[in-house]
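Reviewing the structure listed below.
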Amino acid sequence: MAAPLLDRRVLEDMERDFPDSMVVARFADDFCATLQGKLDRLGAALGGSDRVDAHDAVLSLTSSAAMVGAQRLSQTARATERQIAAGDLEAAARSLALLCGCGIETRQELQRTYLTHH
68 MAAPLLDRRV
78 LEDMERDFPD
88 SMVVARFADD
98 FCATLQGKLD
108 RLGAALGGSD
118 RVDAHDAVLS
128 LTSSAAMVGA
138 QRLSQTARAT
148 ERQIAAGDLE
158 AAARSLALLC
168 GCGIETRQEL
178 QRTYLTHH
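For the sequence shown, counting from 1, position 114 maps to 181 in the working numbering; every step adds exactly one.
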């Protein structure tokens, strides 16, 4: 079963940690702005068969997705990370389209349900 695209509770919990909720909104906006670059970096590493850089790129994607509450993207990236760790860069490269699609949906969901309200 696929995880939900976004767990807004993660961002809401983060808002309680800061006196200005705009800090969290900027964090979510920065995630959206840098997401494509993270996916591009992963794609380039996989295309160049650079296992070390691919592993670093997917870990960056996984952790930033988790920090913003992007559960499905984080879950999908973890599956790709397992493929990379196992040395199956071809399978990881095949999963890139799924990651990119999930990234687009996640960015849209963040913008629709969170960023438009801040």
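We treat Cβ as the ideally placed atom computed from N, Cα and C, and that holds for glycine. All values reported here derive from a predicted model rather than from experimental measurement.
| Asked | Found |
| --- | --- |
| Pick out whichever of 103, 98 and 137 has its Cα sitting closest to the Cα of residue 75. | 137 |
| Report the three-state DSSP secondary structure of residue 130 (helix, strand or coil). | helix |
| Rounded to whole angstroms, what is the Cα-Cα separation between residue 142 and residue 86? | 30 Å |
| Using alpha carbons as the reference points, say which of 122, 181 and 97 lies closest to residue 108. | 122 |
| Just checking my contact of residue 152 with residue 162 at CB under 8 Å: how many whole Å lie between their CB atoms? | Residue 152 to residue 162, Cβ: 13 Å. No contact. |
| Might you give, ordered along the chain, the residues of its own chain that have their beta carbon closer than 8 Å to the beta carbon of residue 140, omitting 5 neighbours on each side? | 72, 128, 132, 166, 169, 170 and 173 |
| Between 68, 179, 160 and 80, which has its C-alpha nearest residue 124's C-alpha? | 160 |
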